[in-house]
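The block underneath contains the structure these notes are about, expressed in structure tokens.
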């Protein structure tokens, strides 16, 4: 699918970053307001897919040389590691911990180990959806 | 509202099953997609539709006003799984078509006698 | 905590093996692996002094607290002895494998990962105090053994042997699980220590005998006792280091361990004593008899292992009898448990070295067929010496450790005359007689193994390779073991005090309260008594029969093959396969539509039946949400789109209509206050419509032929049934709440317990995090499926090749 639409390409360059920022925002906001790993991951995917539509898959692959299968594996590892970390602290599997910290710039912030798990979810969702789209798209 | 929804869900299930029983692979896949949509609505309806506020903690909202969060959590995961399964089916259909040259289920019949 | 961690250490180390193999392929991966068992061995050795005094160590790690399942590592004399064996022999075997397996040609990363998994599993078996985790590790040993036997998976014999061992040991494992569950029902606990504490009460229970038989089935299958031994000879397809480690020194002794560990629980029963001693003794004589039929070096060793395991098993049976004898600690009966453990150690040393020698012979000459071998004595002098030491020890000759334990074995069997329980006063004589016959055959096959390989005429023309002595590295481990064989003969009491007595005290807590109270000293010379004359008889008759072996060995060919146990196993496998396929052919038509109709009909039937049987169908018009204009409009749009899918001629229209349904649902989510869902649905719908279009674009011309679906009445009836059922379910689910919803708990605690605001997301990552974990795993599996379908492109021809 080769497109050569200057309007689309120019707009995409801007819109992609807006979507990506929104994705990151919605991912971190997920614990308190609507959002989270699933949605954040899907939004990130749409941003990349938009790029792929505006340019073509080889170009996007050159810009983002990510092996999405590895990304999926890393995400799964993240999730499992967070879940099993609790065993080391001798509490049942999957017990999360959180605390409040006073960070510079952010003020009082709560840090939650569930966020780490959510990062795993995020990575898996991005990895899987991108793998699917890329494999199907590349197959001619 | 729940009564109307229940009837609508029934109709969607009906259409989905009818599609799944058809011969063409792509229709079957559309059917499974529709089936998962119907199932999501069923979950939502089962939990009750009466919530006034979304299930997000905010000031001035009492516990009883939240929409039921449990079906929502279930549906959220189900949506993503349904997507993965649908895309799997699509690729399966596509590859089956490439290898066998048909997407008609009547011709795709096979048993272990086939070697 | 720390002990449990040590159990898992090898598995954790296994994670790094593929990396090491890939990055540092120039260095043999075995060298890195060697560190693990060596470190563990040293650690366990530091525990010896206090365990010798009767001390124990416990550490616990809860796993599923709600089901009362935990990893409990319990280190006493028995488990410490086994742990030392596992890590000690493990280290030697790894060292041997470094020279046995070529680093360029073999898939070392697979091999060592399996081996390390096995090490963890085996340590888990011998240290678990919890029955369920014991079972878990037990099955893990079966699985890793399966993987190791099938290491050269391109060979048919390897795959066959692997499957056979898996079938039999997993069958036994499942029986054992049943026994464990019964035990826990009777005793109300999963802890072995607590079960032992209440042993007398347990025996009263009706289930007791069932638990006993089931647990023994597990032990007998694992330790290759008659009639389950048939998997062990086929398991010899594994690489020789594996045979030396799993199928001689450690895994097959898991059954022995289990019997020893549970002796305090089951010894009360007469059935236990008869079964363990009887089956063990019969196995011993049966396998030693058939060892002489074997032509394969490793085959002889396999049968000899089976026979020796039977010997140890029978000793444990006799040890259980001590429970019923007043003051057994003063009689000769006390020797049974001691001899069992002592022989277990000795067997690990001499059989380990023999297996390694068999591997060396195979490696350096290219064959294991004993008919082609011979005269290697002068070509491989060191190997011959080691083989001679191992064989003579196995035969029970002085000055090797096998002599001591064999003597004690005979003593224990003779001691049965001292007590007159269970009609023993008549039948006791059978035990020493059978033991003697078994020992004669053991003597013959030991000589057969060593002399037919190393003595006689050298036949270089029949050997695939030019025979020569093995490299030094390969000889280290067998020589070390052979030195132990001799050393133990001269210092048996040191071994006895350090290793054997603590284990004996753990097997027979009803006799001894501490290892020091085990009053046994081993001596090579104990005067002219019955045992000595029996041993001399073994040497004389055995020597004579070995001398004339060539004259009567062909008699084995007379044994009819069709009635062998192997044939029985094969027939059973074929029968079950064809039986199952005949049954499934009755309803498997090959049409997916038919299967779907079965499924949908069953859904309708079961759901409706439940609704009416439990009187669950209600209609309740309270608590209904008000009907809104927007909702109705969107619903109509959604249903309209659905109908469009059904009646549209073109598939493109159908796909777009499906998108419309999805977007309508997203809008419904907004109205019903589910912002997360709405967002997700919108994004997903966009991506999946794109995917559908992509697939549509790829599907070539024919399938774009536009056609309306033909109306089929049968399908319509099924579809209508499903729709109606779902409506009824939705209505009754709304109209009644049998149980209060757990959502209330989530709503109330989301801020206080989980420190979150978005309840849906907190459920996903915290309350029900486990579900999410599995869900993302499913996602990854779907992605892998898609990749393999598109990238690998297995066409039909390749597929058939794959099945060969």
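Residue numbers (my numbering), protein chains in the order written: chain A, 64 to 203; chain B, 5 to 119; chain C, 183 to 986.
By construction, the Cβ of each residue, glycine as well, lies at the ideal position given by its N, Cα and C atoms.
For the segment 545-557 of chain C against the segment 518-529 of chain C, are there 3 or more C-beta pairs whose distance is under 8 Å? no
Let's test the definition: count the other Cβ atoms within 10 Å of the Cβ of residue 70 of chain A and tell me whether it reaches 16, buried, or not, exposed. On the first chain, residue 70 of chain A is found 7 positions in, with the first residue counted as 1. When all chains shown are included, residue 70 of chain A counts as exposed.
By how many angstroms is the C-alpha of residue 780 of chain C removed from the C-alpha of residue 772 of chain C? Here residue 772 of chain C refers to the residue found at position 590 of the third chain. Here residue 780 of chain C refers to the residue found at position 598 of the third chain. Taking the straight line from one Cα to the other gives about 13 Å.
In three-state terms, what does DSSP make of residue 245 of chain C? Along the third chain, read from residue 1 onward, the residue named residue 245 of chain C stands at position 63. DSSP places residue 245 of chain C within a strand segment (E or B) once states are collapsed to three.
Where residue 695 of chain C sits in the DSSP three-state scheme: Here residue 695 of chain C is taken as the residue at index 513 of the third chain, counted from 1. The answer is coil: DSSP assigns residue 695 of chain C none of H, G, I, E or B.
Grouping DSSP H, G and I as helix and E and B as strand, with all else coil, what is residue 134 of chain C? Because residue 134 of chain C is not part of the residues shown, which for chain C are 183 to 986, the question remains open.
Integer Cβ distance of residue 19 of chain B from residue 778 of chain C, believed to fall under 8 Å: Position 15 of the second chain holds residue 19 of chain B. Position 596 of the third chain holds residue 778 of chain C. Contact doesn't hold; Cβ gap of about 15 Å is too wide.
What separation, rounded to the nearest whole angstrom, lies between the Cα atoms of residue 986 of chain C and residue 970 of chain C? For the purposes of this step, residue 986 of chain C is identified with residue 804 of the third chain, where counting begins at 1. For the purposes of this step, residue 970 of chain C is identified with residue 788 of the third chain, where counting begins at 1. Reliability fails at residue 986 of chain C, whose pLDDT of 37 lies under 50, so the model's placement of it is uncertain and no value is given.
Pull up the CB-CB distance for residue 407 of chain C and residue 495 of chain C, whole angstroms please, since I reckon it's below 8 Å. Taking the third chain and counting its residues from 1, the one referred to as residue 407 of chain C is at position 225. Taking the third chain and counting its residues from 1, the one referred to as residue 495 of chain C is at position 313. Indeed they touch by this definition, with Cβ atoms about 6 Å apart.
Hey, could you find the ends of the alpha helix (DSSP H) residue 759 of chain C is sitting in? Sequence index remark: in the third chain, residue 759 of chain C carries index 577 (1-based). It spans 747-767 - the alpha helix (DSSP H) in which residue 759 of chain C sits, taken as one unbroken run.
Alpha helix (DSSP H) runs contained entirely in the segment 347-382 of chain C, provided each spans 4 or more residues: 374-379
Output the distance between the C-alpha atoms of residue 901 of chain C and residue 39 of chain B, rounded to the nearest integer angstrom. Walking along the third chain from the start, residue 901 of chain C turns up at place 719. Walking along the second chain from the start, residue 39 of chain B turns up at place 35. Straight-line Cα distance between these residues: approximately 11 Å.
Please classify residue 639 of chain C as buried or exposed, where buried requires at least 16 neighbouring CB atoms within 10 angstroms. In the third chain, residue 639 of chain C corresponds to position 457, counting from 1. Classification for residue 639 of chain C: exposed.
For chain B, is any of its Cβ atoms less than 8 Å away from the one on residue 546 of chain C? In the third chain, the residue the question calls residue 546 of chain C occupies position 364. It does not: the Cβ of residue 546 of chain C has no partner Cβ on chain B nearer than 8 Å.
Residues in the same chain with beta-carbon distance under 8 Å from residue 597 of chain C, minus the five sequence neighbours each way, listed in chain order, please. Residue 597 of chain C sits at position 415 when you count from the first residue of the third chain. Excluding sequence neighbours, residue 597 of chain C sits near 500, 513, 514, 515, 517, 518.
Could you give the residue range of the alpha helix (DSSP H) that holds residue 934 of chain C? Position 752 of the third chain, counted from the first residue, corresponds to residue 934 of chain C. Secondary structure note for residue 934 of chain C: it is in no alpha helix (DSSP H), with a DSSP letter that is neither H nor E.
How should residue 188 of chain A be labelled, buried or exposed, when 16 other C-beta atoms within 10 angstroms of its C-beta is the threshold for buried? Here residue 188 of chain A refers to the residue found at position 125 of the first chain. Result: buried.
Going along chain B in order, which residues have a C-beta closer than 7 Å to the C-beta of residue 199 of chain A? Counting from 1 along the first chain, the entry for residue 199 of chain A is found at position 136. Listed along chain B, the residues sitting closer than 7 Å to residue 199 of chain A by beta-carbon distance are 95.
My output table needs one value for residue 190 of chain A: the three-state DSSP class, helix, strand or coil. The residue labelled residue 190 of chain A in the question sits at position 127 within the first chain. Residue state, collapsed to three classes: helix.
Pull out every residue of the segment 7-26 of chain B whose Cβ sits closer than 9 Å to any Cβ of chain C, in chain order. 7, 8, 9, 10, 11, 12, 13, 14, 15, 16, 17, 18, 19, 20, 21, 22, 23, 24, 25, 26
Would you list, in sequence order, the uninterrupted alpha helix (DSSP H) runs of no fewer than 4 residues that lie entirely inside the segment 599-646 of chain C? 606-609, 612-636
Answer yes if the segment 334-348 of chain C comes into contact with the segment 277-287 of chain C, meaning at least three C-beta pairs across the two stretches below 8 Å, and no otherwise. no
Relative to the C-alpha of residue 610 of chain C, which candidate in C/899, C/644, C/593 has its C-alpha closest? Translated into positions along the third chain, residue 610 of chain C becomes position 428. Measuring from the Cα of residue 610 of chain C, the nearest candidate turns out to be C/593.
Relative to the C-alpha of residue 699 of chain C, which residue among C/688, C/707, C/708 is closest? Counted from its first residue, the third chain places residue 699 of chain C at position 517. The shortest C-alpha separation from residue 699 of chain C is found at C/688.
What are the start and end residues of the alpha helix (DSSP H) that includes residue 195 of chain C? Reading the third chain from its first residue, position 13 is the one you call residue 195 of chain C. If you look at residue 195 of chain C, you'll find it in the alpha helix (DSSP H) that goes 184-196.
Should the segment 104-120 of chain A be called in touch with the segment 861-875 of chain C, which here means at least 3 C-beta pairs below 8 Å? yes
Is the beta carbon of residue 623 of chain C closer than 8 Å to that of residue 470 of chain C? Locating residue 470 of chain C in the third chain gives position 288, where the first residue counts as 1. Locating residue 623 of chain C in the third chain gives position 441, where the first residue counts as 1. Yes, the pair counts as a contact, with Cβ atoms nearer than the cut-off.
Let me check one thing: in DSSP terms, what residues is residue 478 of chain C bridge-paired to? In the third chain, residue 478 of chain C corresponds to position 296, counting from 1. C/551, per the DSSP bridge assignment.
Simplified DSSP state of residue 60 of chain B, which is helix, strand or coil: The residue you call residue 60 of chain B lines up with position 56 of the second chain. Three-state result, residue 60 of chain B: strand.
Go ahead and pull the three-state DSSP assignment for residue 705 of chain C. Locating residue 705 of chain C in the third chain gives position 523, counting from the first residue. DSSP places residue 705 of chain C in coil when its eight states are reduced to three.
Relative to the C-alpha of residue 532 of chain C, which candidate in C/197, C/725, C/615, C/572 has its C-alpha closest? The residue given as residue 532 of chain C occupies position 350 in the third chain. The residue with the shortest Cα to Cα distance from residue 532 of chain C is C/572.
Within chain A, partners of residue 80 of chain B - CB distance below 8 Å: As a working mapping, residue 80 of chain B is identified with position 76 in the second chain. The answer, in chain order, is 101.
Pair within 8 Å by beta-carbon distance, residue 185 of chain C and residue 257 of chain C: Counted from its first residue, the third chain places residue 185 of chain C at position 3. Counted from its first residue, the third chain places residue 257 of chain C at position 75. Yes, the pair counts as a contact, with Cβ atoms nearer than the cut-off.
Per DSSP, the bridge partner or partners of residue 940 of chain C: Looking up residue 940 of chain C in the third chain gives position 758. In the DSSP output, where bridge partners are listed per residue, residue 940 of chain C has B/60.
Looking at residue 259 of chain C: is its Cβ nearer than 8 Å to the Cβ of residue 697 of chain C? Indexing the third chain from 1 puts residue 259 of chain C at position 77. Indexing the third chain from 1 puts residue 697 of chain C at position 515. Yes, the Cβ-Cβ distance between residue 259 of chain C and residue 697 of chain C is below 8 Å.
Pick from C/365, C/380, C/379: whose alpha carbon is nearest that of residue 391 of chain C? As a working note, residue 391 of chain C is residue 209 in the third chain. If we check each option's Cα against that of residue 391 of chain C, C/365 comes out closest.
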